[in-house]
Amino acid sequence: MSRTILRGRVLSFHRAPQGLDDADSYLYLEDGAVSIEDGSVVALGDFSAADISGAVVIDHRPNLILPGFIDLHLHYVQSQITAAYAGSLLEWLNTYTFIEEQKFSQQGHADAVAVDFYDALIRHGTTSAVAYCSSHPRSVDAFFAEAQRRNMLMVGGKVMMDRNAPAGLCDDAQSSYDDSKALIARWHGRGRGLYAISPRFAITSTPAQMEAARALVAEHPEAYVQTHLSENDAEISYSMELYPEAPDYTGIYEHYGLLGRKTLLGHCIHLNHRETGILAETGSVAVFCPTSNLFLGSGLFDRERLLNNGVRIGIATDIGGGTSFSMLRTLDEGYKVLQLQGQRLNPFASFHMATLGNAEALGLERTIGAIAPGRAADLVVLDARATPTMRMRMANAETLAEELFVLQTLGDDRAVAEVYVAGARAKSTLGGL
Ligand code: GUN
Ligand code: ZN
529 MSRTILRGRV LSFHRAPQGL DDADSYLYLE DGAVSIEDGS VVALGDFSAA DISGAVVIDH
589 RPNLILPGFI DLHLHYVQSQ ITAAYAGSLL EWLNTYTFIE EQKFSQQGHA DAVAVDFYDA
649 LIRHGTTSAV AYCSSHPRSV DAFFAEAQRR NMLMVGGKVM MDRNAPAGLC DDAQSSYDDS
709 KALIARWHGR GRGLYAISPR FAITSTPAQM EAARALVAEH PEAYVQTHLS ENDAEISYSM
769 ELYPEAPDYT GIYEHYGLLG RKTLLGHCIH LNHRETGILA ETGSVAVFCP TSNLFLGSGL
829 FDRERLLNNG VRIGIATDIG GGTSFSMLRT LDEGYKVLQL QGQRLNPFAS FHMATLGNAE
889 ALGLERTIGA IAPGRAADLV VLDARATPTM RMRMANAETL AEELFVLQTL GDDRAVAEVY
949 VAGARAKSTL GGL
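The numbering of the sequence shown is the numbering used here, which starts it at 529 and goes up by one.
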């Protein structure tokens, strides 16, 4: 098998940076060599010391090579309703989202959107993501089949929803159990696919369906769990009406055994003290979705409070409530959400969150999220001078931290010069570029 060496400036994190000066938290090589064989990184070091005999060398200087971005929460079936004009969450769901997702009963539609969805991920430098499909099993087949074709590590699952939505989107407790079970058997561990049991949220699941989800989680500890929690005031009130015996919103999922280290909870904005305690105790992950939270006016994610209470966190686009596939745009909006609360997020912490941090949230830090021997060669190459505005600004940037901050504040898919998935070029080989 041939060896490829990527030459460029390399940045990869060892752990969460505690501040701008925490240089021990990352590896930075000014002129680095990333050696790749059979889809994995086999060596990493200074280019001057690399064994380049027989290798194909691709020179990305002066660009930065990072681990590919990981998006911890998005809906592939909402790719075509991003930027829909709605007041708030429940109106947006009823007016646009539940209409759009019904189209995924058609295999041809699901297949076509899956192709566009993965093209969008790659264009924006995202090499792995955790996605909701629709309630139709064929939407899940389209999602994983296309991921497998591209050799991408993707997590996803069929949405379970049996009430408070159009009939064309509703399953029932038994069919959602049977379909999810069959999909886990078909897709979990096939290629790089991993399954997420996906009850949409408390409003769209009856207690009977929650019981079905409980059984699935108990029977499939290998699978992830994803749902939405505490996003919007009206959503919280309605959830409490539907589950009056629960002490709070988190208590609903707690009661049905859905919390744990493999559980990803989108939003987590309006949690009380008991709820943060339960999330910390169970090791569940609170997923920050800044562009979505701003777009739908849902509220401000309190990162500091969650971290201080020992809650694991991650960051995501939440397409199509979110407004961009770009993790750079997401980091920028996240920075602003935290600014509004007097919390500053330094650029090293931002890029850590979008790479190793999200890999750790998935428990996949031995596989993705860092550039190191033995890890998958899922990489993004970033150009901080990709646009005239970025070039103008970069004339005045002196440090790596400044460069990262320019990338996150001014960058988007144009700043993604190249992407590698399991060692293969993925962006420059997309059609139409
Ligand atoms: N809560 C339940 N479903 C959804 C969804 O599709 N998007 C968002 N943002 N919140 C939800
Ligand atoms: Zn969501």
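For every residue, glycine included, the Cβ atom is placed at its ideal position computed from N, Cα and C.
Inter-residue CB distance, residue i and residue j (contact presumed, cutoff 8 Å)
i, j, result
"Leu-938", "Arg-919", "Not a contact, Cβ separation roughly 10 Å."
"Gly-653", "Phe-575", "That pair is no contact at about 23 Å."
"Leu-594", "Leu-884", "The pair is not a contact, with the Cβ atoms about 10 Å apart (cut-off 8 Å)."
"Thr-655", "Val-947", "6 Å"
"Ala-889", "Leu-600", "6 Å"
"Ile-797", "Glu-759", "6 Å"
Closest Cα partner of residue i within the set the options
i, options, result
"Leu-866", "Ile-533, Asp-906, Asn-821, Ala-571", "Asn-821"
"Pro-772", "Phe-816, Gly-811, Ala-730", "Ala-730"
"Gly-788", "Thr-819, Thr-804, His-798, Glu-809", "Glu-809"
"Gly-848", "Pro-875, Thr-915, Thr-858, Ser-878", "Thr-858"
"Arg-589", "Val-538, Ser-553, Lys-631", "Val-538"
"Lys-790", "Ser-765, Ala-814, Asn-800", "Ala-814"
"Ile-609", "Asp-599, Gln-630, Leu-600", "Gln-630"
"Leu-793", "Met-768, Ile-841, Leu-824", "Ile-841"
"Thr-804", "Gly-827, Gly-825, Leu-835, Gly-785", "Leu-835"
"Val-584", "Gly-850, Gly-636, Arg-531", "Arg-531"
"Arg-691", "Ser-607, Ala-736, His-603", "Ala-736"
"Asn-886", "Thr-915, Asp-860, Ala-844", "Ala-844"
"Asn-837", "Ile-806, Thr-851, Asp-860", "Ile-806"
"Arg-666", "Ala-751, Ala-638, Val-643", "Ala-638"
Enclosing beta strand (DSSP E) for residue i [first to last residue]
i, result
"Ser-537", "First, the amino acid is wrong: residue 537 is Arg here, not Ser. Taken as a continuous stretch (DSSP letters only), the beta strand (DSSP E) holding Arg-537 covers 531-541."
"Tyr-777", "Per DSSP, Tyr-777 belongs to no beta strand (DSSP E); it is in the alpha helix (DSSP H), 777-783."
"Thr-791", "791-795"
"Pro-901", "Here Pro-901 belongs to no beta strand (DSSP E), and DSSP marks it neither H nor E."
"Arg-840", "840-843"
"Thr-755", "752-757"
"Asp-587", "583-595"
"Leu-548", "Taken as a continuous stretch (DSSP letters only), Leu-548 belongs to no beta strand (DSSP E), as it is neither H nor E."
"Glu-565", "554-565"
Euclidean distance between Cα positions of residue i and residue j
i, j, result
"Ala-898", "Glu-763", "37 Å"
"Ala-950", "Arg-720", "10 Å"
"Val-908", "Ile-896", "12 Å"
"Arg-714", "Ala-877", "37 Å"
"Ala-614", "Cys-817", "17 Å"
"Arg-678", "Pro-694", "33 Å"
"Met-855", "Asp-940", "8 Å"
"His-542", "Tyr-554", "5 Å"
"Pro-901", "Glu-893", "13 Å"
"Leu-572", "Met-881", "22 Å"
"Arg-903", "Glu-782", "34 Å"
"Ile-650", "Val-658", "14 Å"
"Ala-551", "Glu-931", "15 Å"
"Phe-626", "Thr-755", "16 Å"
"Ala-743", "Met-688", "13 Å"
"Val-934", "Gly-870", "21 Å"
"Ala-746", "Ser-726", "14 Å"
"Glu-832", "Val-839", "10 Å"
"Arg-953", "Ser-607", "24 Å"
Residue i burial status per 10 Å Cβ neighbour count (16 or more: buried)
i, result
"Leu-961", "Because Leu-961 sits at a pLDDT of 44, beneath the cut-off of 50, its placement in the model cannot be relied upon, and the point is left open."
"Tyr-777", "buried"
"Ile-580", "exposed"
"Pro-545", "buried"
"Pro-875", "buried"
"Glu-926", "exposed"
"His-801", "exposed"
"Ser-956", "exposed"
"Arg-872", "exposed"
"Tyr-556", "exposed"
"Glu-619", "exposed"
"Thr-819", "buried"
"Ser-765", "exposed"
"Asp-549", "exposed"
"Leu-868", "exposed"
Boundaries (first-last residue) of the alpha helix (DSSP H) holding residue i
i, result
"Thr-655", "Note, Thr-655: premise wrong, no alpha helix (DSSP H); beta strand (DSSP E) at 654-660."
"Ile-627", "626-629"
"Val-865", "855-867"
"Tyr-723", "Taken as a continuous stretch (DSSP letters only), Tyr-723 belongs to no alpha helix (DSSP H), being part of the beta strand (DSSP E) at 721-727."
"Pro-818", "818-823"
"Pro-875", "875-880"
"Thr-804", "801-810"
"Asn-836", "831-836"
"Ala-965", "Since the first residue of the chain shown is 529 and the last is 961, residue 965 is not available in this structure."
"Asn-622", "Looking at the DSSP string, Asn-622 is not in any alpha helix (DSSP H), and its letter there is neither H nor E."
Residue i Cβ short of 6 Å to ligand 4 heavy atom set
i, result
"Gly-862", "Ligands in the displayed structure: ligand 1 and ligand 2; ligand 4 is not one of them."
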